[in-house]
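S.K.: In full-length UniProt numbering, the protein residues as written are 1 to 343.
Beta carbons: idealized from backbone N, C-alpha and C, even for Gly.
Here the structure is a predicted model, which means the values were calculated and not measured.
Structure in structure tokens, see below.
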């Protein structure tokens, strides 16, 4: 007896029975006769509708026998089990990377195609995965569902929680191939690599200055806006960055953590040390765009520029005389403090 053949005329593939063929053909016709009563989604079969309903009910009937994690679909459990066995049966044709699931392969392929099918309704940013979009949405909602068991800090994604836990363990699994320095996150390694490549992907729209990290650009923009959100609790001075505040606080404590390896002079900030080292090297990277005179620090360049503009923002509180630089004001103040003979 010849077995009846149920063949798809689109892909020329045989299917086991008439019912399976009927369901398969709907995938070509985009026929979706089954409506979800809870959301607008439509599906091509009653079995797919049943599986979809679990996204609403939260039902997870499939449990991992190794770690007891539960899943809504049998295929999800099968893929999960490979995280225990290490089996990776799916291989990328472009780079030969192996993956544990068909979905993992599908997502990985987007790293080659650049496809980003998931878009944020609030800011239109696009993502390659649904999970990436879900994580991003929390930047809008402020939701932080992941909590550190050690310090109770809350975080918005499982990945940031994993990274945070390394601040407690001291683990640094990411190593620079060029200098062997180790880092706790892949992101900090990527940023560090720019110190070797010189890459500065963040550019100021106002002055075209470039930065290697987004935080550097954010702090720089405050030089244009004048924003100074950090205030010293000792003297109420306001500063534009957390680092500038930390450095400033050392002027009160007298703490000098940074030492010059040439003359052993100690300084209170890394920036102060960099500026000081130029007194040994003679380097003058800051140039006046009016007269081309060069300076070793941006602060001395700013002071010099006032000789061209005539600006004198420093005023003596004793005699109201004004000066173009802080150092000139400090020298002047000493003339009031001097003890004269016969006084």
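Can you give, in chain order, each stretch of the alpha helix (DSSP H) that sits fully within the UniProt domain "C2H2-type" (258–285) and has at least 4 residues?
M.R.: As far as the UniProt domain "C2H2-type" (258–285) is concerned, its whole alpha helix (DSSP H) runs of at least 4 residues are 270–281.
S.K.: Have a look at 159, 309, 254 and flag the residue whose alpha-carbon is nearest the alpha-carbon of residue 289.
M.R.: Residue 289 has its Cα closest to that of 309, out of 159, 309, 254.
S.K.: Thinking just about the alpha-carbon of each residue, which of 272, 214, 244, 240 is nearest to the one in residue 259?
M.R.: The shortest C-alpha separation from residue 259 is found at 272.
S.K.: Out of curiosity, what's the CA-to-CA distance linking residue 331 and residue 314?
M.R.: Their Cα atoms are separated by approximately 12 angstroms.
S.K.: I'd like to check one pair, residue 120 with residue 108: are the Cβ atoms closer than 7 angstroms?
M.R.: Their beta carbons are not under 7 angstroms apart, which means residue 108 does not touch residue 120 by this criterion.
S.K.: Could you pull out every residue in the same chain whose Cβ sits closer than 8 angstroms to the Cβ of residue 325, ignoring the five residues on either side in sequence?
M.R.: For residue 325, where only same-chain residues beyond five positions count, the Cβ hits under 8 angstroms are 303, 306, 314.
S.K.: DSSP has residue 35 in a bridge; who is on the other side?
M.R.: Paired residues: 42.
S.K.: Taking the CB atoms as reference points, tell me whether residue 150 and residue 164 lie closer together than 7 angstroms.
M.R.: No.
S.K.: Residues bridged to residue 155 by DSSP?
M.R.: Paired residue(s): 146.
S.K.: Among 242, 237, 101, whose alpha-carbon lies nearest the alpha-carbon of residue 216?
M.R.: Checking every option, the nearest Cα to that of residue 216 belongs to 242.
S.K.: What does a CB cutoff of less than 6 angstroms around residue 130 pick up in its chain, not counting 5 residues either side in sequence?
M.R.: 118.
S.K.: Excluding five sequence neighbours on each side, which residues of the same chain lie with their C-beta closer than 6 angstroms to the C-beta of residue 138?
M.R.: 156, listed in sequence order.
S.K.: Since residue 69 and residue 84 are thought to touch, with beta carbons under 8 angstroms apart, how far apart are those beta carbons, to the nearest angstrom?
M.R.: So it is not a contact: roughly 10 angstroms between Cβ atoms.
S.K.: Tell me the DSSP secondary structure of residue 94 in three-state form.
M.R.: Residue state, collapsed to three classes: coil.
S.K.: Compute the Euclidean distance between the alpha carbons of residue 44 and residue 104, then round it to the nearest angstrom.
M.R.: If you take the alpha carbons of residue 44 and residue 104, they lie about 24 angstroms apart.
S.K.: Measuring alpha carbon to alpha carbon, tell me which of 122, 74, 101, 233 ends up nearest residue 86.
M.R.: Looking at the Cα atoms, 101 is the closest of the given residues.
S.K.: Ignore the nearest five residues each way along the sequence and tell me which others in residue 301's own chain have a CB closer than 7 angstroms to its CB.
M.R.: 286, 288, 295.
S.K.: Do you know offhand how far residue 134's Cα is from residue 187's?
M.R.: The straight-line gap from Cα to Cα measures roughly 19 angstroms.
S.K.: In its own chain, which residues sit with a C-beta less than 8 angstroms from the C-beta of residue 347, not counting the 5 before and 5 after it?
M.R.: This structure cannot settle anything about residue 347, because the visible part of the chain is limited to 1 through 343.
S.K.: By the 10 Å Cβ neighbour count, where 16 or more other Cβ atoms means buried, how is residue 247 classified, buried or exposed?
M.R.: So residue 247 ends up on the buried side.
S.K.: Could you have a look at residue 125 and say whether DSSP puts it in helix, strand or coil?
M.R.: Coil, per DSSP.
S.K.: Go to residue 216, then tell me how far its alpha helix (DSSP H) extends in each direction, as first and last residue.
M.R.: Counting along the chain, the alpha helix (DSSP H) containing residue 216 begins and ends at 214–225.
S.K.: If the criterion is Cβ atoms closer than 7 angstroms, does the pair residue 183 and residue 200 meet it?
M.R.: Cβ distance not < 7 angstroms, so residue 183 and residue 200 don't count as in contact.
S.K.: Considering only their Cβ atoms, is the gap separating residue 267 from residue 280 smaller than 7 angstroms?
M.R.: Not in contact: residue 280 and residue 267 (Cβ atoms no closer than 7 angstroms).
S.K.: Give the DSSP-derived three-state secondary structure of residue 333 in the structure shown.
M.R.: In the structure shown, residue 333 sits in a helix (DSSP, three-state: H, G or I).
S.K.: With a threshold of 6 angstroms (Cβ to nearest heavy atom), would residue 143 be considered close to the ligand HEM?
M.R.: For the ligand HEM, the structure offers nothing, since it holds no ligand at all.
S.K.: Taking 8 angstroms as the limit between beta carbons, can you name the residues of its chain near residue 189, skipping five residues before and five after?
M.R.: So the list reads 174, 175, 176, 183, once near-sequence residues are dropped.
S.K.: Residues bridged to residue 119 by DSSP?
M.R.: DSSP lists 126 as partners of residue 119.
S.K.: Check each candidate in 319, 262, 261, 270 and name the one with the smallest Cα separation from residue 255.
M.R.: Out of 319, 262, 261, 270, 270 has the C-alpha closest to the C-alpha of residue 255.
S.K.: Among 235, 222, 262, which has the Cα closest to the Cα of residue 250?
M.R.: For residue 250, the nearest C-alpha among the options comes from 235.
S.K.: Rounded C-beta distance between residue 318 and residue 336? I'm assuming under 8 angstroms.
M.R.: Confirmed, Cβ separation roughly 5 angstroms.
S.K.: Once the 5 residues before and after residue 193 are set aside, which same chain residues still bring their CB inside 7 angstroms of it?
M.R.: 176, listed in sequence order.
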